[in-house]
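Colleague:
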Amino acid sequence: MICSICPRKCNVDLNNKSGFCGKLGEEVKVAKVMRHNWEEPIISGKKGSGAIFFSFCNLKCVYCQNFKISHLGEGKKISVMELANIFKKLEDSNVENINLVTPTHFTTQIIDALKLYKPKVPIVWNTSGYEDINTLEMLKGYVDIFLFDFKYFSNEKAKLYSNAPNYFNVCFNALKKAREIVPEDKIENGIMKTGIIVRHLVLPNNYNDSINIFDALFNNFGNEMFVSVMSQFTPFYKALEIKELNTKLKPLEYKKVLSHIKKLGFKNGFIQELSSASCNYTPNFTESSFYEL
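Quick look at the structure:
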């Protein structure tokens, strides 16, 4: 099983060696299944989003709040059939959608599971944005909504924080492909049924990078794209070793980014309060809390 599913193109035989992301073999690994009430309002709604947190990650940001699963790979191995059963279990629990969190490295297994059972509620691809356009093409007909992180404009920052020096170009082209796959943002009764939300986490001492990202989004996609501006950064994991990240976001930094977004005239979006910068919003990934429905 040679893996080249993401832009890293590890091309390793997963039967013998793990790739950059950490996955090994053909089994899926999941850390948590939960009713998520803290996504954007048009995603969580009143009933919550049915989130499946996959173990490992193809980006592995040094500041990841979920580092226990993204870097350390904590979680439970399951089969494709078991994943399909989780889809059904979540749907039966009356959630707004099925929310696949950090799913990229398990794309083929997820598609196989959706072939076994395709829920009637929307399927959400909750991604770091570091996606291969050919892999995204495989998702056509399976994924209804993209929650699409856009993390960096600066390739220098992308290399330093995520070991991905080509991040901007990769993410930008992937976002264009996602727009082709889901050309319409459709909201019914306050809930997104199809569409894209571009998320951006403002990092401390990096607000100029944030401004450049929103300029790029405006210049290429216009001001009607749904955007979600996040202030929840809290120093975790290896961020504690990087001086510029071992701090919280300053109110003035966040204000400058929000003022620029307002100046650009974005019409649709969400803004986090600075009070969200707390470890209280990090899910519990212990084995005993695998299901929280």
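Residue 1362 is where the sequence shown starts when you use the working numbering, and the numbers rise one by one after that. We put the CB at the ideal spot given by N, CA and C, even for glycine. Predicted, not measured: the structure shown is a model, and the values here were computed from it.
1. By the DSSP assignment, the beta strand (DSSP E) with residue 1555 in it spans what residues?
2. Verify whether the separation of the beta carbon atoms of residue 1632 and residue 1590 is less than 7 Å.
3. Give me, in chain order, the residues of the same chain whose beta-carbon lies closer than 6 Å to that of residue 1445; leave out the 5 immediate sequence neighbours on both sides.
4. Please report the distance separating the alpha-carbon of residue 1515 from that of residue 1605.
5. Mind checking who residue 1393 pairs with in its DSSP beta bridge?
6. How long is the line joining the alpha carbons of residue 1609 and residue 1407, rounded to whole angstroms?
7. Rounding to the nearest angstrom, what Cα-Cα distance links residue 1369 and residue 1381 in this structure?
8. Tell me whether the beta-carbon of residue 1559 lies closer than 7 Å to the beta-carbon of residue 1615.
9. State the Cα-Cα distance for the pair residue 1402 and residue 1551, rounded to the nearest angstrom.
10. Output the distance between the C-alpha atoms of residue 1511 and residue 1490, rounded to the nearest integer angstrom.
11. Please determine if the region 1424 to 1441 and the region 1388 to 1399 are in contact, where contact requires at least 3 C-beta pairs separated by less than 8 Å.
12. Residues in the same chain with beta-carbon distance under 7 Å from residue 1336, minus the five sequence neighbours each way, listed in chain order, please.
13. In this structure, does DSSP put residue 1654 in helix, strand or coil?
14. Output needed for residue 1457: all residues of its chain with C-beta closer than 6 Å, excluding positions within five of it in sequence on either side, in chain order.
15. By DSSP, does residue 1485 sit in helix, in strand, or in coil?
16. Helix or strand or just coil, what does DSSP make of residue 1543?
17. Rounded to whole angstroms, what is the Cα-Cα separation between residue 1520 and residue 1364?
18. Would you kindly check if the distance between the Cβ of residue 1575 and the Cβ of residue 1536 is under 7 Å?
19. Enumerate, from N- to C-terminal direction, the unbroken beta strand (DSSP E) stretches of 3 or more residues contained entirely within the region 1415 to 1497.
20. Looking at residue 1422 and residue 1344, is the spacing between their C-beta atoms short of 7 Å?
21. Which class does residue 1549 belong to by DSSP, given the choice of helix, strand or coil?
22. Is the Cβ-Cβ distance between residue 1503 and residue 1459 less than 7 Å?
23. Alpha carbon to alpha carbon, how far is residue 1453 from residue 1415? Give it in angstroms, no decimals.
24. According to the Cβ coordinates, are residue 1362 and residue 1376 closer than 7 Å?
25. Taking only the alpha-carbon atoms, compute the straight-line gap between residue 1630 and residue 1538 and give it to the nearest angstrom.
26. Between which two residues does the alpha helix (DSSP H) holding residue 1582 run?
27. Please list the terminal residues of the continuous beta strand (DSSP E) segment that includes residue 1592.
28. Take residue 1618 as the anchor and find which of 1585, 1583, 1646 and 1561 has the nearest alpha-carbon.
29. Do the CB positions of residue 1482 and residue 1412 come within less than 7 Å of each other?
30. Does the Cβ of residue 1486 have 16 or more other Cβ atoms within 10 Å, making it buried, or fewer, making it exposed?
Modeller: So, to answer that:
1. First-last of the beta strand (DSSP E) with residue 1555: 1552 to 1562.
2. Cβ distance < 7 Å, so residue 1632 and residue 1590 count as in contact.
3. Taking C-beta separations shorter than 6 Å and ignoring five residues to either side along the sequence, the partners of residue 1445 in its chain run 1474, 1477 and 1478, following chain order.
4. If you take the alpha carbons of residue 1515 and residue 1605, they lie about 15 Å apart.
5. Note: residue 1393 sits in a beta bridge opposite 1414.
6. Approximately 30 Å between the Cα atoms of the pair.
7. Each residue's alpha carbon lies about 8 Å from the other.
8. No.
9. Approximately 8 Å, taken between the alpha carbons.
10. Residue 1511 and residue 1490: Cα-Cα distance of roughly 6 Å.
11. With contact defined as three or more Cβ pairs closer than 8 Å, the region 1424 to 1441 and the region 1388 to 1399 are in contact.
12. No answer is possible for residue 1336: it lies beyond the span of the chain, which begins at 1362 and ends at 1654.
13. In the three-state scheme derived from DSSP, where H, G and I count as helix and E and B as strand, residue 1654 is classed as coil.
14. The answer, listed in chain order, is 1406, 1408, 1410 and 1552.
15. DSSP places residue 1485 in strand when its eight states are reduced to three.
16. Coil, per DSSP.
17. Spanning the alpha carbons of residue 1520 and residue 1364 requires a straight line of approximately 22 Å.
18. Taking 7 Å as the Cβ cut-off, residue 1536 and residue 1575 do not qualify as a contacting pair.
19. Unbroken beta strand (DSSP E) stretches of 3 residues or longer found wholly inside the region 1415 to 1497: 1437 to 1439, 1459 to 1462 and 1484 to 1488, given in chain order.
20. Nothing about residue 1344 can be reported from this structure: the residues present for the chain run from 1362 to 1654 only.
21. Of the three classes helix, strand and coil, the one that applies to residue 1549 here is strand, per DSSP.
22. No, Cβ-Cβ distance for residue 1503 and residue 1459 is not below 7 Å.
23. Each residue's alpha carbon lies about 20 Å from the other.
24. Contact: yes.
25. Rounded to whole angstroms, residue 1630 to residue 1538 spans 21 Å at the Cα level.
26. Run containing residue 1582: 1568 to 1582, per the alpha helix (DSSP H) assignment.
27. Residue 1592 -> no beta strand (DSSP E), and no H or E assigned at all.
28. Residue 1618 has its Cα closest to that of 1561, out of 1585, 1583, 1646 and 1561.
29. No; because the gap between Cβ atoms is not below 7 Å, this pair is not in contact.
30. So residue 1486 ends up on the buried side.
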